[in-house]
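Enquirer:
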Amino acid sequence: MKKSKRNGFTLIEALLALFITSLVSLLSCIMIECALNFAHMDIDTQNQFAILQLRRELAQSNQVKVSENCLEYILNHEKRMLYFDKQRIVKSPGYEIYMEQIEDAYFYKKDNGYYVWFKKKNKVYTFELY
1 MKKSKRNGFT LIEALLALFI TSLVSLLSCI MIECALNFAH MDIDTQNQFA ILQLRRELAQ
61 SNQVKVSENC LEYILNHEKR MLYFDKQRIV KSPGYEIYME QIEDAYFYKK DNGYYVWFKK
121 KNKVYTFELY
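With my numbering, the residue at position 113 of the sequence shown is 113, and numbering never jumps.
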């Protein structure tokens with residue numbers, strides 16, 4: 001008696017592969033759509049995200065002060081500084097970029113708060129940071 005050889009896939013294996021492929025394709029399309037929406041996000045929304053990040057970091061810090069158009073603060077026993085450089089608002093140490101494509105920016109203290117003023121695409125913005 002000869003044993004028959006099984007060639008190919010069963011119907012369940014083929015359907016399972018088709019399901020997994022369609023699921024991965026669907027998730028990829030959703031991720032691409034989210035990335036495109038984020039890339040084409042309104043400038044004001046991008047500014048608000050950056051300001052929220054700055055506010056969160058400054059809320060956790062202490063000894064905040066403005067000196068020479070820079071905002072200096074201490075976070076986790078490490079001195080950090082925000083400043084305007086090459087059309088960007090960046091943080092040091094290192095070179096973490098918070099905002100880009102800015103024409104001009106400066107930090108200042110007014111009353112009991114610390115503010116950032118910047119000009120982006122011919123619009124002027126002022127936000128309280130701390």
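Think of the CB as a built atom: it goes at the ideal place given N, C-alpha and C, for glycine as much as any other residue. Note that this is a predicted model, so its numbers are computed, not measured.
Can you name the residues that DSSP bridges to F9?
Expert: Translated into positions along the sequence shown, residue 9 becomes position 9. Paired residues: none, contrary to the question.
Enquirer: Just tell me which of C70, L18, Q48 has its CA closest to the CA of V150.
Expert: In the structure as shown, the chain begins at 1 and stops at 130. Residue 150 is therefore absent and cannot be evaluated.
Enquirer: Return the CA-CA distance between G94 and A39, expressed in angstroms with no decimal places.
Expert: Here residue 94 refers to the residue found at position 94 when the sequence shown is read from its first residue. Here residue 39 refers to the residue found at position 39 when the sequence shown is read from its first residue. Each residue's Cα considered, the two are about 25 Å apart.
Enquirer: Going by C-alpha to C-alpha distance, which of E96, K109, N122 sits closest to I102?
Expert: For the purposes of this step, residue 102 is taken as the residue at position 102 of the sequence shown. Comparing Cα-Cα distances from I102 to each of E96, K109, N122, the minimum goes to N122.
Enquirer: May I ask you to report which of helix, strand or coil DSSP gives I102?
Expert: Mapped onto the sequence shown, residue 102 falls at position 102. Three-state DSSP puts I102 in coil, outside helix and strand.
Enquirer: V64: which of Q53, G113, I97 sits nearest, CA to CA?
Expert: Along the sequence shown, read from residue 1 onward, the residue named residue 64 stands at position 64. Among Q53, G113, I97, the Cα nearest to that of V64 is on G113.
Enquirer: On the DSSP letters alone, give me the boundaries of the beta strand (DSSP E) that I69 sits inside.
Expert: Position 69 of the sequence shown, counted from the first residue, corresponds to residue 69. Going by the sequence as given, residue 69 is Asn instead of Ile. It is not in any beta strand (DSSP E) - N69 carries neither H nor E in the DSSP assignment.
Enquirer: DSSP on S28, reduced to helix/strand/coil?
Expert: Mapped onto the sequence shown, residue 28 falls at position 28. Three-state DSSP puts S28 in a helix.
Enquirer: My assumption, with CB atoms under 8 Å, is that F132 sits in contact with D104. Please give the rounded CB distance.
Expert: What the structure shows of the chain is the stretch from 1 to 130, and residue 132 is not part of that stretch, so it cannot be assessed.
Enquirer: Alpha carbon to alpha carbon, how far is L18 from L11?
Expert: As a first step, residue 18 must be located in the sequence shown, where it is residue number 18. As a first step, residue 11 must be located in the sequence shown, where it is residue number 11. Straight-line Cα distance between these residues: approximately 11 Å.
Enquirer: Is F49 near L82, with beta carbons less than 8 Å apart?
Expert: In the sequence shown, the residue the question calls residue 49 occupies position 49. In the sequence shown, the residue the question calls residue 82 occupies position 82. For F49 and L82, no; Cβs fall outside 8 Å.
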